[in-house]
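Below is one structure; the comments refer to it alone.
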Amino acid sequence: MSNDPLLQPYQLKHLTLRNRIIVTAHEPAYPEDGMPKERYRAYTVERAKGGVAMTMTAGSAAVSKDSPPVFNNLLAYKDEIVPWIREMTDAVHEEGAAIMIQLTHLGRRTRWDKGDWLPVVAPSHHREASHRAFPKKIEDWDIERIVKDFADAAERMKAGGMDGVELEAYGHLIDQFASPLTNELGGPFGGSLDNRMRFCFDVLKAIRTRVGEDFILGVRYTADECLPGGTGREEGLEISKRLKDSGLIDYLNVIRGHIDTDAGLTDVIPIQGMANSPHLDFAGEIRAATNFPTFHAAKIPDVATARHAIASGKVDMVGMTRAHMTDPHIVRKIIEKREEDIRPCVGANYCLDRIYQGGAAYCIHNAATGRELTMPHTIAKADRCKKVVIVGAGPAGLEAARVAGERGHEVVVFEAANDPGGQIRLTAQSERRREMISIIDWRMGQCEKLGVTFHFNSWAEAETITAENPDVVIIATGGLPHTEVLAKGNDLVVSAWDIISGDVKPGTNVLIFDDAGDHAGLQAAEFIAKAGGKVEIMTPDRSFAPEVMAMNLVPYMRSLQKLDVTFTVTYRLEAVEKSGNELVAHVGSDYGGVEKQRTFDQIVINHGTIPLDDLYFELKPASSNLGEVSHDQLIAGRPQTAWRNADGKFQLFRIGDAVAARNTHAAIYDALRLLKDI
Numbered sequence: 001m002s003n004d005p006l007l008q009p010y011q012l013k014h015l016t017l018r019n020r021i022i023v024t025a026h027e028p029a030y031p032e033d034g035m036p037k038e039r040y041r042a043y044t045v046e047r048a049k050g051g052v053a054m055t056m057t058a059g060s061a062a063v064s065k066d067s068p069p070v071f072n073n074l075l076a077y078k079d080e081i082v083p084w085i086r087e088m089t090d091a092v093h094e095e096g097a098a099i100m101i102q103l104t105h106l107g108r109r110t111r112w113d114k115g116d117w118l119p120v121v122a123p124s125h126h127r128e129a130s131h132r133a134f135p136k137k138i139e140d141w142d143i144e145r146i147v148k149d150f151a152d153a154a155e156r157m158k159a160g161g162m163d164g165v166e167l168e169a170y171g172h173l174i175d176q177f178a179s180p181l182t183n184e185l186g187g188p189f190g191g192s193l194d195n196r197m198r199f200c201f202d203v204l205k206a207i208r209t210r211v212g213e214d215f216i217l218g219v220r221y222t223a224d225e226c227l228p229g230g231t232g233r234e235e236g237l238e239i240s241k242r243l244k245d246s247g248l249i250d251y252l253n254v255i256r257g258h259i260d261t262d263a264g265l266t267d268v269i270p271i272q273g274m275a276n277s278p279h280l281d282f283a284g285e286i287r288a289a290t291n292f293p294t295f296h297a298a299k300i301p302d303v304a305t306a307r308h309a310i311a312s313g314k315v316d317m318v319g320m321t322r323a324h325m326t327d328p329h330i331v332r333k334i335i336e337k338r339e340e341d342i343r344p345c346v347g348a349n350y351c352l353d354r355i356y357q358g359g360a361a362y363c364i365h366n367a368a369t370g371r372e373l374t375m376p377h378t379i380a381k382a383d384r385c386k387k388v389v390i391v392g393a394g395p396a397g398l399e400a401a402r403v404a405g406e407r408g409h410e411v412v413v414f415e416a417a418n419d420p421g422g423q424i425r426l427t428a429q430s431e432r433r434r435e436m437i438s439i440i441d442w443r444m445g446q447c448e449k450l451g452v453t454f455h456f457n458s459w460a461e462a463e464t465i466t467a468e469n470p471d472v473v474i475i476a477t478g479g480l481p482h483t484e485v486l487a488k489g490n491d492l493v494v495s496a497w498d499i500i501s502g503d504v505k506p507g508t509n510v511l512i513f514d515d516a517g518d519h520a521g522l523q524a525a526e527f528i529a530k531a532g533g534k535v536e537i538m539t540p541d542r543s544f545a546p547e548v549m550a551m552n553l554v555p556y557m558r559s560l561q562k563l564d565v566t567f568t569v570t571y572r573l574e575a576v577e578k579s580g581n582e583l584v585a586h587v588g589s590d591y592g593g594v595e596k597q598r599t600f601d602q603i604v605i606n607h608g609t610i611p612l613d614d615l616y617f618e619l620k621p622a623s624s625n626l627g628e629v630s631h632d633q634l635i636a637g638r639p640q641t642a643w644r645n646a647d648g649k650f651q652l653f654r655i656g657d658a659v660a661a662r663n664t665h666a667a668i669y670d671a672l673r674l675l676k677d678i
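Sequential numbering from 1 applies to the sequence shown in UniProt numbering.
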């Protein structure tokens with residue numbers, strides 16, 4: 001047996017867990033009609049195949065109709081969910097893993113205009129900032145109904161073969177009762193801690209009565225809200241002891257913080273540039289004080305930190321949830337002593353930010369996650385070895401090289417720069433986003449193992465490519481900043497890239513016109529403001545930086561607000577002209593009727609990229625497919641068979657920003673779904 005602390009089994013009541021790594025409850029937003037159908041099941045089972053001890057689904061499954069699925073939650077209040085749950089649990093158990101599900105009533109953390117348009121309920125009328133719904137103050141009959149709903153839902157989950165259920169008790173209704181900030185009830189459910197905890201214990205008792213003792217029951221709860229007037233550290237410790245002493249539950253899953261604002265949520269679930277495992281020591285304090293099985297997860301992205309969490313006795317089970325979205329086979333690679341092959345989570349939080357913006361969760365650099373029905377996590381060998389030549393060593397080109405190498409092809413990559421990385425190398429200039437470079441480093445490591453040949457400082461011409469006698473050519477040359485967006489004065493502006501790269505010195509009074517809405521605009525603003533410049537960010541949109549999304553916006557705002565950066569929405573920069581040593585900005589509005597003039601000493605444009613595609617069009621006439629991509633074959637996962645030129649010597653494709661300005665995930669997905677069938 002291995003001596004690795006992470007690989008030791010753990011006995012949780014009657015349940016033997018095969019190691020110490022779990023995937024904690026999270027909602028990837030893959031349900032269909034509120035059910036965990038094929039896509040949801042495939043995603044969940046992949047992590048079980050990868051060796052995890054237990055996977056928890058849903059974050060969280062709704063127990064009541066007035067807890068509508070604002071995150072596309074599973075609907076645990078429907079009887080029809082049981083057979084879908086059974087199919088998923090059976091498949092997970094066949095892979096040797098345990099499976100639980102998290103149940104909740106969202107309380108005020110939802111919207112009234114979702115689902116059945118029922119009033120939101122909470123123990124006060126206070127609105128949650130993130131979801132904006134003003135709740136109805138909960139009544140006695142609501143409480144009775146919801147307690148029964150929890151028990152009904154738990155019984156359905158047991159009937160579906162789950163090993164247990166976990167209650168979500170931070171930020172949701174149970175916590176809204178427990179926190180003095182959100183509970184303004186009188187009588188038996190408000191006031192003292194005894195009364196504020198009564199709802200939680202009523203729910204636990206109802207569930208335990210319904211499911212019996214041979215079923216795991218846990219609570220994920222905040223033991224410190226980190227808010228003035230909220231549940232503090234001492235009261236949180238008392239709550240922890242009361243939960244243990246109740247005899248109703250089998251483990252504690254510890255959270256620190258609050259999730260009612262974007263900033264609070266980001267502190268609970270930190271993103272890149274923030275400290276790893278920030279709440280692990282706190283969870284360890286709860287474990288030491290209660291001597292009770294304790295679980296914890298919060299930015300534990302790497303095996304070394306997880307190993308420390310277990311070896312030090314801080315927790316009994318360690319959650320690596322986002323890490324398993326990046327690489328579902330972490331445990332298998334640990335067992336096989338291949339830790340260097342684990343695809344690293346870079347904390348980009350593309351997964352969660354997409355969910356909170358109403359989309360499905362995707363990993364920024366594993367395009368197979370959430371697409372297990374169509375995209376492979378393990379690349380199969382091709383029937384015949386081909387010569388694949390790739391131009392560009394950014395994320396698209398490197399993913400193409402990796403996948404082609406895994407297929408067994410001979411792969412040659414040309415890159416004009418000294419180093420790989422493309423736009424990601426520029427992104428990583430920011431200290432906060434330095435982790436992004438792991439997207440490149442991991443692929444370079446994999447490509448080296450696969451024998452991929454790289455030519456750096458090599459500007460590839462058409463003759464360079466054809467001299468390689470390729471079977472397939474992939475153009476992954478990316479794009480260049482697009483600044484030609486004004487009616488006049490395009491020669492007077494600089495790009496966000498110019499600022500981030502250091503090619504252009506920051507001005508002292510600067511306008512950043514940002515209608516791309518991505519990281520580059522904010523990165524440039526932070527760079528200039530830290531250099532002492534006065535900065536205004538202007539956008540024609542009704543909100544700024546929409547592509548950055550909520551949780552990634554938090555650290556930017558904490559920095560930029562302190563630096564007194566101004567944000568101006570709904571105005572468009574139309575033209576620029578020079579006046580002495582100053583630049584005059586002509587400002588209008590898409591809404592009409594506005595003409596303003598403002599003066600600055602520097603104007604920065606962030607408007608995405610224009611494809612760097614000259615080589616593609618130069619090679620196109622010599623290709624067999626004339627660059628054509630069959631969308632039907634691409635989507636269906638079949639090889640590309642377009643044949644448009646009988647004299648063509650090679651297939652030609654372009655991917656990533658060499659096609660159109662998109663993002664890192666799109667570039668990597670382009671490469672994976674094309675090259676996996678080459």
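Every residue gets a Cβ at the ideal spot worked out from N, C-alpha and C, and that includes glycine. Since this is a predicted model, take the numbers as computed values, not measurements.
Where residue i falls: helix, strand or coil (DSSP)
i           : result
residue 514 : strand
residue 346 : coil
residue 130 : coil
residue 366 : strand
residue 416 : coil
residue 378 : coil
residue 272 : coil
residue 565 : coil
residue 509 : strand
residue 220 : strand
residue 290 : helix
residue 177 : helix
residue 556 : helix
residue 655 : coil
residue 298 : coil
residue 585 : strand
residue 325 : helix
Sub-8 Å separation of residue i and residue j beta-carbons
i           : j           : result
residue 389 : residue 473 : yes
residue 181 : residue 229 : yes
residue 357 : residue 550 : yes
residue 298 : residue 270 : yes
residue 54  : residue 91  : no
residue 21  : residue 315 : no
residue 619 : residue 462 : yes
residue 625 : residue 638 : no
residue 36  : residue 85  : yes
residue 23  : residue 321 : yes
residue 329 : residue 296 : no
residue 147 : residue 61  : no
Residue i versus residue j: straight-line alpha-carbon distance, rounded
i           : j           : result
residue 255 : residue 384 : 51 Å
residue 349 : residue 651 : 35 Å
residue 93  : residue 99  : 8 Å
residue 416 : residue 454 : 11 Å
residue 397 : residue 604 : 29 Å
residue 647 : residue 623 : 8 Å
residue 616 : residue 107 : 54 Å
residue 501 : residue 426 : 6 Å
residue 199 : residue 65  : 18 Å
residue 232 : residue 485 : 52 Å
residue 333 : residue 575 : 56 Å
residue 187 : residue 340 : 58 Å
residue 413 : residue 507 : 38 Å
residue 557 : residue 546 : 13 Å
Continuous beta strand (DSSP E) assignments of at least 3 residues falling wholly in the stretch 439 to 493: 453 to 455, 472 to 475 and 479 to 481
Sufficient close CB pairs (3 or more, under 8 Å) joining the stretch 152 to 160 to the stretch 241 to 252: no
At 4 residues or longer, what runs of the alpha helix (DSSP H) sit wholly inside the stretch 595 to 643? 614 to 619 and 631 to 636
Segment contact flag, the stretch 166 to 185 with the stretch 218 to 236, C-beta cutoff 8 Å, min 3 pairs: yes
Completely contained alpha helix (DSSP H) runs for the stretch 10 to 58, where each covers 4 or more residues: 38 to 49
Any 3 or more C-beta pairs closer than 8 Å across the stretch 554 to 571 and the stretch 515 to 526: yes
Do the stretch 400 to 408 and the stretch 422 to 438 touch if we need at least three Cβ pairs shorter than 8 Å? no
Between the stretch 160 to 169 and the stretch 206 to 219, can you find at least three pairs of beta-carbon atoms closer than 8 Å? yes
Touch check for the stretch 115 to 123 and the stretch 40 to 56: three-plus C-beta pairs under 8 Å? no
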